Amino acid sequence: MGVKELIFGGVGNIGVHSNTFQGSIQEWLPIHAITGGVVITKDGRFIKIMEILPVNIYLKSPADRQAIIESFAAYLKIAPDTLQIQARTLPTDTSDYIQRMEQYAENESNIFCREMIEDNIREIGQGIASQAIRHRFFLIIQYEPRMRAKRNSVQAIVERLNEEADTARRYLDMCELEVLLPRYTDNFVLQLLYDIINKQTSQRVKLPEGVFDMTTAVHGIYEE
Numbered sequence: 002m003g004v005k006e007l008i009f010g011g012v013g014n015i016g017v018h019s020n021t022f023q024g025s026i027q028e029w030l031p032i033h034a035i036t037g038g039v040v041i042t043k044d045g046r047f048i049k050i051m052e053i054l055p056v057n058i059y060l061k062s063p064a065d066r067q068a069i070i071e072s073f074a075a076y077l078k079i080a081p082d083t084l085q086i087q088a089r090t091l092p093t094d095t096s097d098y099i100q101r102m103e104q105y106a107e108n109e110s111n112i113f114c115r116e117m118i119e120d121n122i123r124e125i126g127q128g129i130a131s132q133a134i135r136h137r138f139f140l141i142i143q144y145e146p147r148m149r150a151k152r153n154s155v156q157a158i159v160e161r162l163n164e165e166a167d168t169a170r171r172y173l174d175m176c177e178l179e180v181l182l183p184r185y186t187d188n189f190v191l192q193l194l195y196d197i198i199n200k201q202t203s204q205r206v207k208l209p210e211g212v213f214d215m216t217t218a219v220h221g222i223y224e225e
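Residue numbers for the sequence shown follow the numbering used here, beginning at 2 and rising by one.
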């Protein structure tokens, strides 16, 4: 089961009601809200998605490999039952690289160096990197009754799920795996869901900066 299937299916434990217009995207989209870096679905499930930077275990010494395996096995013993590890394979995005090289070309005074930079930009644009792929790895957990939030409220469940994420982060650190800590977790989740649901469109149409703040101001339900 992938991230998309996880969000679109399942049975909830807390009823969530949302007013939507018939035939609108809000009616079709199974996501009720994103708060505290947690996805709340319309059927009442709470899902936490963490991105992990991988490590090549085969480059480690035998002793280090064994230590990593033991640390990961220790985490699996206390991990949530709905733990999922997902990998996304994507074409390499060279837009940032090309933009940076264009800036270098504009500021380069040596004509020969500038020609070399421009030649590099043309080669990238002609598809030298078109066969390159990149991988993103995610750890996904879902709130379970046995986690026992302090209160049966949205905020308490979000806090409890983030505690589970912190526990996973500590164990994975012992496995030499880094769990990314985005500055704005809600924005990170919003961008990720946009990329997953709109796999093709997201390659050419990027979400504008500040889109989450704009969405919250219009549709937010947790503002004071």
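For each residue, glycine too, the CB sits at the ideal point set by N, CA and C.
None of these values were measured; they are calculated from a predicted model.
- Here the alpha carbons of residue 125 and residue 95 stand approximately 8 Å from one another.
- Distance from residue 41 to residue 155 at the Cβ level is roughly 7 Å; contact confirmed, criterion being Cβ atoms closer than 8 Å.
- In the DSSP annotation of this structure, residue 177 is not part of any beta strand (DSSP E), being labelled neither H nor E.
- Taken through DSSP and simplified to helix, strand or coil, residue 56 comes out as coil.
- Annotation for residue 186: the continuous alpha helix (DSSP H) segment containing it runs 186-198.
- In this structure, the beta-carbon distance from residue 90 to residue 33 does not fall below 8 Å.
- For residue 77, the enclosing alpha helix (DSSP H) covers residues 63-79.
- The alpha-carbon separation between residue 78 and residue 192 amounts to approximately 31 Å.
- Here residue 169 is buried. Its C-beta has 16 or more other C-beta atoms within 10 Å.
- Bounds of the beta strand (DSSP E) holding residue 87 are 85-92.
- The alpha-carbon of residue 70 is positioned some 14 Å away from that of residue 60.
- For residue 100, the secondary structure class from DSSP, reduced to helix, strand or coil, is helix.
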